[in-house]
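J.:
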Amino acid sequence: MIHYVYRLKRLLRMRLIFFWSILFPLILGTVFKVAFSDATNKDWGFVTIPLAVVTEEGNTEDEMFVTFLTEMKNGELPFFSVTKHERATAEKLLDDGELSAVIVTGEETKVLLRENGLNSTIVKTVVDGYLQSKDMFVEAAMKGKLPEVMAAFSAEVTTLSVKEFEGATSDPFVQYFQALIAMASMYGAMYGLMNTNELNQKLAVVSARRLAAPMRTVPTVLCDVAAAFTILYMQFVINIAYFILVLKVDFGSVNGWLFLGGALYSLLGVLNGYFIGTVIQRSDGLQNAVMMGYTMFSCFLAGLMVGNIRIALELSVPIVNRVNQATLIADSMQALCIMGDMEKFARCLIGILIWCVCLTVGSILVIKVRQKKTGRSVKEA
Amino acid sequence: MSTVVKIENLVKRYKELVAVDHMNLSIGKGEIFGLLGPNGSGKSTIINCLLSLTDYDKGEITVFGEKMRADNYSVKGRIGVVLQNVAVFDELTVYENIDYFCSLYVSDKEKRKTLVQEAIAFVGLEEFVKFYPKKLSGGLLRRLNIACGIAHKPELIIFDEPTVAVDPQSRNKILEGIQELNRQGATVIYTSHYMEEVEQICSRIAIIDKGQLVATGTKDELKSMIQTGETIRVEVPELTSDVLFGLEKLSHVLSVEYNDGLATIKCNGGRHNVLHVLEYLNNTETSFGRVFAEQPTLNDVFLEITGKELRDEVQ
Chain Z
0 MIHYVYRLKR
10 LLRMRLIFFW
20 SILFPLILGT
30 VFKVAFSDAT
40 NKDWGFVTIP
50 LAVVTEEGNT
60 EDEMFVTFLT
70 EMKNGELPFF
80 SVTKHERATA
90 EKLLDDGELS
100 AVIVTGEETK
110 VLLRENGLNS
120 TIVKTVVDGY
130 LQSKDMFVEA
140 AMKGKLPEVM
150 AAFSAEVTTL
160 SVKEFEGATS
170 DPFVQYFQAL
180 IAMASMYGAM
190 YGLMNTNELN
200 QKLAVVSARR
210 LAAPMRTVPT
220 VLCDVAAAFT
230 ILYMQFVINI
240 AYFILVLKVD
250 FGSVNGWLFL
260 GGALYSLLGV
270 LNGYFIGTVI
280 QRSDGLQNAV
290 MMGYTMFSCF
300 LAGLMVGNIR
310 IALELSVPIV
320 NRVNQATLIA
330 DSMQALCIMG
340 DMEKFARCLI
350 GILIWCVCLT
360 VGSILVIKVR
370 QKKTGRSVKE
380 A
Chain Y
0 MSTVVKIENL
10 VKRYKELVAV
20 DHMNLSIGKG
30 EIFGLLGPNG
40 SGKSTIINCL
50 LSLTDYDKGE
60 ITVFGEKMRA
70 DNYSVKGRIG
80 VVLQNVAVFD
90 ELTVYENIDY
100 FCSLYVSDKE
110 KRKTLVQEAI
120 AFVGLEEFVK
130 FYPKKLSGGL
140 LRRLNIACGI
150 AHKPELIIFD
160 EPTVAVDPQS
170 RNKILEGIQE
180 LNRQGATVIY
190 TSHYMEEVEQ
200 ICSRIAIIDK
210 GQLVATGTKD
220 ELKSMIQTGE
230 TIRVEVPELT
240 SDVLFGLEKL
250 SHVLSVEYND
260 GLATIKCNGG
270 RHNVLHVLEY
280 LNNTETSFGR
290 VFAEQPTLND
300 VFLEITGKEL
310 RDEVQ
């Protein structure tokens, strides 16, 4: 216990680490808020998607389809603003950014998209839905029930789209703050690194004094981890509170589960540091470089610098989003607070937990192997 | 006298370099045992092996009759370590540092409180208990370093060059403190490359060079191992070759060197050597100035055995 208390005292008194792990995310969050304030003041609610329908030569126009697209509504607002063009004109307008999508009807229906994103997802979802259930819509039209079917389908598309990607929240920049929380948690690796270095004679003078004492490694490491975790979790709560209460960032529905998630994020950060510290023993410069590099790259993949990168990865290499630590953190927050998707939230937490187990086992193995080596007295007979 | 530390046939290699070469040492209870040798001679490596801070290639180390291992916590609990570099936490105050390191040995809070207070009083840091290490002078830091190593009242205390870069006043305080700890019953291992310190406080000394034990014994035993006895230095403005030859022929004179007006005469025992030298100079009407006489030092021992100066090596 005393070991935990003193470790906690020390961590609280380390100004540099305090700055990077607590103040820096708050400052960066404030900068984000200021930078995005103009953008977030605009109406980021759903905007009608401009698209064109092109009927290929030799085919007759699918009037039912055009009606279907025109009638799709998100509340009172139409999903699509539909125009008809020749293919060349439509493609030019698409290239110029005047249109979000071009739907080419004929023998086969094709969808041309300007870029990946929420609008593209909605268009694809609607077109796929129509093509799969065309008979149902025709029958509904014949029975005069098309408006009801369309309303149900519109609601489904809205829900699916919101669940698919985060851009449909009231604050489109919340993903940056989620990534920031992920970054702050992963910077907890600094604490883990410091803990391991104080058991490494090559990097810390005090380690010799500690190792010469009758100090059992596992309880000591557990106390170190507990103290680092306490600080990091405190930092998580402070960050969340600051973003929501001071910066008024719309994190969606925040509940107790988020704080369970926060505990795992914090643990993951500390254990990252432990693993790096136990594997790289010779140079603290190299340790810090690896830790910073890995954290920043992981956060980059989670969308800290480029907002749509998670979507791009989801469409191209989804495995990256399943294993990347910062993405798991950001995704879990998004699943819980924005999508209300507890299944995805649990999936992300399990992913983080698996990481924690792997890092712990890896670190303990390395420590034990080194300890055994040190304790060996005779190498040769 | 029971044996506290026994090192048998210890070998430690760093790749091709043999840092400790078949070292044998035996340290008895109540001794202040000095490990003397130039930098890089293997003193700290021996200490690291002894504390199981590093592995070794061959040999056996026994402390308090038990084989020393990294997980031999009962033995470790009876040892205190004061390292060459100040090993304290910058974020903890003087009191907290001592309390923390003492807590690695003593879990009982009340007992620890008493021990910490005693350690603070022992090193004279009462006025600085709430100070952070960065606010302390070099000498005070050294005292804190010592307090952290001895607060739990160890039976065996290892001081690894504790006076490096310490001013003379603080150095004397440290040496007096070590002697006091010894008087209180602690066995002390003291490593240094300062022969004066080792001579001053150690009851037995091992001289080490290139990882090998050169000689071991009390300071008198060590000095008796060499031919050189008293060294006499006489300021002589002019010294003829006849007089120089005559000095060399005096009984008990080993060698005579004359450089820059200073004659250095080395004797091998005998009594009244100074008197004999001065009588001879008078008889030959050789004028002389100041006269200095020195008993052999550990440096002479080191020089005669290894063929090099201990002082030169340490610089």
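Protein chains in written order, with numbering that gives the first Met the number 0: chain Z, 0 to 380; chain Y, 0 to 314.
Just so you know, even glycine gets a beta-carbon here, dropped at the ideal spot from N, CA and C.
Hey, does Z/Pro218 have any beta-carbon neighbour from chain Y nearer than 8 Å?
T.: Not an interface residue.
J.: Are three or more beta carbon pairs between the segment 295-304 of chain Z and the segment 187-195 of chain Z nearer than 8 Å?
T.: Segments in contact, no.
J.: Kindly list the residues whose CB is nearer than 8 Å to the CB of Z/Val65, restricted to its own chain and excluding five residues on each side of it in sequence; keep chain order.
T.: Val52, Val81, Lys83.
J.: According to DSSP, what are the bridge partners of Z/Ser80?
T.: DSSP, once it has assigned bridges, lists Z/Pro49 as partnering Z/Ser80.
J.: Below 8 Å between beta carbons: does that hold for Z/Thr69 and Z/Glu60?
T.: Contact: no.
J.: Any idea what DSSP makes of Y/Thr296, helix, strand or coil?
T.: Here Y/Thr296 sits in coil by DSSP.
J.: Between the segment 211-218 of chain Z and the segment 71-88 of chain Y, do at least 3 Cβ pairs fall closer than 8 Å?
T.: The answer is yes - the segment 71-88 of chain Y touches the segment 211-218 of chain Z, with three or more Cβ pairs under 8 Å.
J.: Would DSSP call Y/Ala86 helix, strand or coil?
T.: If DSSP states are grouped into helix, strand and coil, Y/Ala86 belongs with coil.
J.: Along chain Y, which residues have their Cβ under 8 Å away from the Cβ of Z/Arg208?
T.: Chain Y residues near Z/Arg208: Val80, Leu82, Ala86, Phe100, Cys147, Gly148.
J.: For the alpha helix (DSSP H) containing Z/Val322, list its first residue and its last residue.
T.: Unbroken alpha helix (DSSP H) run through Z/Val322: 317-322.
J.: Can you name the residues that DSSP bridges to Y/Cys266?
T.: DSSP, once it has assigned bridges, lists Y/Val252 as partnering Y/Cys266.
J.: Does any residue of chain Z bring its CB to less than 8 Å from the CB of Y/Tyr94?
T.: No, Y/Tyr94 lies away from the interface with chain Z (no Cβ there is under 8 Å from its Cβ).
J.: In this structure, does DSSP put Y/Ala205 in helix, strand or coil?
T.: Strand at Y/Ala205.
J.: Tell me whether Y/Glu30 is buried or exposed, calling it buried when 16 or more other Cβ atoms sit within 10 Å of its Cβ.
T.: By the 10 Å Cβ count, Y/Glu30 comes out buried.
J.: Just curious, the beta strand (DSSP E) that Y/Phe158 is in, first and last residue?
T.: From DSSP, the beta strand (DSSP E) with Y/Phe158 extends over 155-159.
J.: Determine, for Z/Arg281, whether the minimum Cβ-Cβ distance to residues of chain Y falls below 8 Å.
T.: No, Z/Arg281 does not count as interfacial toward chain Y.
J.: With DSSP as the reference, label Z/Ile381 as helix, strand or coil.
T.: Because chain Z here runs from 0 to 380, residue 381 of chain Z falls outside it and cannot be looked at.
J.: Quick check on Y/Tyr13: buried or exposed, where buried means 16 or more other Cβ atoms within 10 Å of its Cβ?
T.: Burial call: exposed.
J.: Just tell me which of Z/Ala203, Z/Val205, Z/Val278, Z/Val173 has its CA closest to the CA of Z/Ile243.
T.: Answer by Cα proximity: Z/Val173.
J.: Kindly indicate the opening and closing residues of the alpha helix (DSSP H) around Y/Glu278.
T.: Its alpha helix (DSSP H) spans residues 272-282.
J.: Would you mind sorting Z/Gly276 into buried or exposed? The rule is 16 or more other CB atoms within 10 Å of its CB.
T.: Looking at its Cβ environment, which holds 16 or more other Cβ atoms inside 10 Å, Z/Gly276 is buried.
J.: Checking contacts by CB at 8 Å: is Y/Glu109 closer than that to chain Z?
T.: No, no contact with chain Z.
J.: Residue range of the alpha helix (DSSP H) that Y/Ile119 falls in?
T.: Where Y/Ile119 is concerned, the enclosing alpha helix (DSSP H) stretches over 108-122.
J.: Three-state secondary structure (DSSP) at Z/Leu300?
T.: Z/Leu300 falls in the helix class under three-state DSSP.
J.: Which two residues bound the contiguous alpha helix (DSSP H) that contains Z/Thr88?
T.: Segment 86-94, the alpha helix (DSSP H) holding Z/Thr88.
J.: Could you compute how far the alpha carbon of Z/Phe31 sits from the alpha carbon of Z/Phe296?
T.: About 19 Å.
J.: Kindly identify the DSSP beta-bridge partner or partners of Z/Tyr190.
T.: Beta-bridge pairing links Z/Tyr190 to no other residue.
J.: How about Z/Leu7: is its C-beta nearer than 8 Å to some C-beta of chain Y?
T.: No, its Cβ sits nowhere closer than 8 Å to a Cβ of chain Y.
J.: Among Y/Ser136, Y/Ile157, Y/Met194, Y/Glu125, which one has its Cα closest to the Cα of Y/Gln168?
T.: Nearest C-alpha to Y/Gln168: Y/Ser136.
J.: Run through DSSP, which three-state label would Z/Phe176 get?
T.: Note: Z/Phe176 maps to helix in three-state DSSP.
J.: State the DSSP-derived secondary structure class of Y/Asn93, mapped to helix, strand or coil.
T.: In the sequence on display, residue 93 of chain Y carries Val and not Asn. Y/Val93: helix per DSSP, three-state reduction.
J.: Going straight from the alpha carbon of Y/Val10 to that of Y/Ile46, what length do you get?
T.: Spanning the two alpha carbons is a distance of roughly 13 Å.
J.: Is it buried or exposed, Z/Val356, if we count other Cβ atoms within 10 angstroms and call 16 or more buried?
T.: When all chains shown are included, Z/Val356 counts as exposed.
J.: Grab the span of the alpha helix (DSSP H) containing Y/Val197 for me, first residue to last.
T.: Taken as a continuous stretch (DSSP letters only), the alpha helix (DSSP H) holding Y/Val197 covers 194-200.
J.: Quick test of the definition: if touching needs 3 or more C-beta pairs under 8 Å, does the segment 86-97 of chain Y touch the segment 9-20 of chain Z?
T.: Result yes; three or more Cβ-Cβ pairs closer than 8 Å.
J.: Taking the continuous alpha helix (DSSP H) assigned at Z/Ala211, which residues delimit it?
T.: Unbroken alpha helix (DSSP H) run through Z/Ala211: 204-211.
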